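Numbering (the working numbering), first residue to last: 105 to 358. Yeah, the Cβ is synthetic: ideal placement off N, Cα and C, and Gly gets one too. Remember, it's a predicted structure, so these values are computed and weren't measured experimentally. Structure first, then comments.
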Amino acid sequence: MPESRPKHASLVAGINSVRSALKFGPGGVAELWLDRQRRDRRLAELAALAREAGVAVRQLEREALDLAAEQANHQGVLAWVRMPAARGERDLDGILDAAQSPPLVLVLDGVSDPHNLGACLRSADAAGAAAVIAPKDKAVGLTPVAVKVASGAAGSVPFVQVTNLARTLAALQARGLWLVGLAEEASASLFETELSGPIALVLGNEGSGLRRLTRERCDLLAALPMRGQVESLNVSVAAGVCLYEALRQRLDVD
C-alpha cells in the first residue's frame with residue numbers, strides 16, 4: 105500500500121531541491137522521507153537539518169519513494185512541502201525594503217502554465233530576484249505543480265499576486281524601478297539594455313505576450329536576439345535569460 109502523505113502538501117524531490125526547501129522555508133516542510141537503505145552523508149545532513157527545524161523524518165523503503173515520486177529522480181529523499189501563501193500588494197513595500205540594493209523584480213503578465221511559473225520562480229531565486237509579481241485574474245497561482253517545479257524556490261522568493269497590475273507597475277516606478285518589458289518586435293536588444301540598476305523585468309503570457317496596458321506602462325521595450333528559425337522562446341526560458349543578463353551586469357558592476 106502507498107504510504108500516507110501529509111494533507112495539502114506538494115512533493116519536492118532530490119537532494120538540492122530538498123535542501124533549498126529546508127534552508128529557506130523549514131516551517132513549510134511537513135515531512136522528510138528518506139531511503140532507509142541508502143548510505144549518503146548528504147542525506148544524513150538533510151535529516152539533521154530537518155530534525156533541527158522540528159520536521160518529522162521517516163525512513164522508508166526505496167519502493168515507497170519511487171511510488172510517491174513517480175518519474176522524478178529523488179536521490180533517496182523527498183520532502184512534503186505545505187503550499188506557501190502568496191503575498192499581496194500591501195506586502196510589496198516591505199519586500200522591496202528588505203531586498204538587496206538595487207532590487208531586481210520579475211513581473212509575469214498573465215502566465216497561465218504552472219510549469220512555467222514554477223520554472224520562473226526557480227530562476228528568480230537563482231538570480232537573486234526580490235520578488236515575482238503576477239495578477240490574480242487570468243493567471244496561474246501557486247498550484248502544487250508550480251510548487252513542485254519551483255524545487256523549493258516557492259518558499260524562498262516572495263510570490264506577490266495583485267488585483268491591479270497596472271497600479272502595481274506604477275507603484276514600482278514610484279519607488280524608482282525601471283520597467284523593462286520583453287517584446288519580440290522591440291528594436292532595442294536586451295543585451296544592450298542597462299539592467300544593473302533598480303529593474304522590473306516584465307514578461308507576457310505564453311501566447312499573446314504583454315497586454316496593451318502593460319506594454320504602455322513599461323519605460324522601455326527590449327527583445328532577445330533570435331538567430332534560428334523559431335520566433336520566440338518559452339516564457340520561462342526567456343525569463344531565465346533576462347534574469348541572468350541582469351545578474352551578469354550586476355556582477356560586472358560589483
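Residue i: first and last residue of the uninterrupted beta strand (DSSP E) it sits in
i	result
valine 132	The amino acid at residue 132 is misidentified as valine; the sequence shows glycine. Unbroken run through glycine 132: none, as it is neither H nor E.
serine 361	Residue 361 is absent from the model: the chain starts at 105 and stops at 358.
alanine 304	303-308
leucine 153	Premise fails: leucine 153 lies in the alpha helix (DSSP H), 145-156, not in any beta strand (DSSP E).
Buried or exposed by the 16-neighbour rule on C-beta atoms within 10 Å, applied to residue i
i	result
proline 262	buried
glutamine 265	buried
aspartate 139	buried
leucine 305	buried
aspartate 213	buried
proline 188	buried
aspartate 197	exposed
arginine 331	exposed
arginine 194	exposed
arginine 215	Looking at the sequence itself, residue 215 is valine, so the reference to arginine does not match. Classification for valine 215: buried.
serine 148	In the sequence under discussion, the amino acid at residue 148 is alanine, which differs from the serine named in the question. The residue in question, alanine 148, is exposed, as its Cβ has fewer than 16 Cβ neighbours within 10 Å.
serine 291	exposed
glycine 192	exposed
proline 329	exposed
glycine 285	buried
alanine 326	buried
valine 122	buried
valine 133	buried
valine 357	exposed
aspartate 241	exposed
leucine 171	exposed
Alpha helix (DSSP H) segment containing residue i, residue limits
i	result
glycine 386	Residue numbering for the chain in the displayed model covers 105 to 358; residue 386 lies beyond these limits and cannot be assessed.
alanine 350	339-357
alanine 168	166-173
aspartate 229	218-231
threonine 272	269-278
Residues bridged to residue i [DSSP beta-bridge criterion]
i	result
arginine 315	Paired residues: none, contrary to the question.
glycine 285	Val306 and Leu325
alanine 183	Val116 and Leu136
glutamine 204	In the DSSP output, where bridge partners are listed per residue, glutamine 204 has none listed.
aspartate 197	BP columns for aspartate 197 are empty, so no partner.
serine 293	Ala327
leucine 126	None; leucine 126 has no bridge partner.
alanine 160	Glu135
leucine 394	Residue 394 lies beyond the residue range present for the chain, which begins at 105 and ends at 358; the question has no answer from this structure.
Answer yes if the region 160-175 comes into contact with the region 194-201, meaning at least three C-beta pairs across the two stretches below 8 Å, and no otherwise.
no
Check whether the region 210-226 touches the region 166-181, counting contact only when three or more Cβ pairs, one atom from each stretch, lie closer than 8 Å.
no
**OP:** Could you tell me whether the region 266-276 touches the region 309-325, where touching means 3 or more Cβ pairs closer than 8 Å?
**Re:** Segments in contact, yes.
Which runs of the alpha helix (DSSP H) fall wholly inside the region 233-265 and span at least 4 residues, in chain order?
-> 248-254 and 257-260
- With contact counted as at least three CB pairs below 8 Å, one residue from each stretch, are the region 335-345 and the region 290-310 in contact? Touching, yes.
Review point. For the region 248-259 against the region 272-287, are there 3 or more C-beta pairs whose distance is under 8 Å?
Key: no
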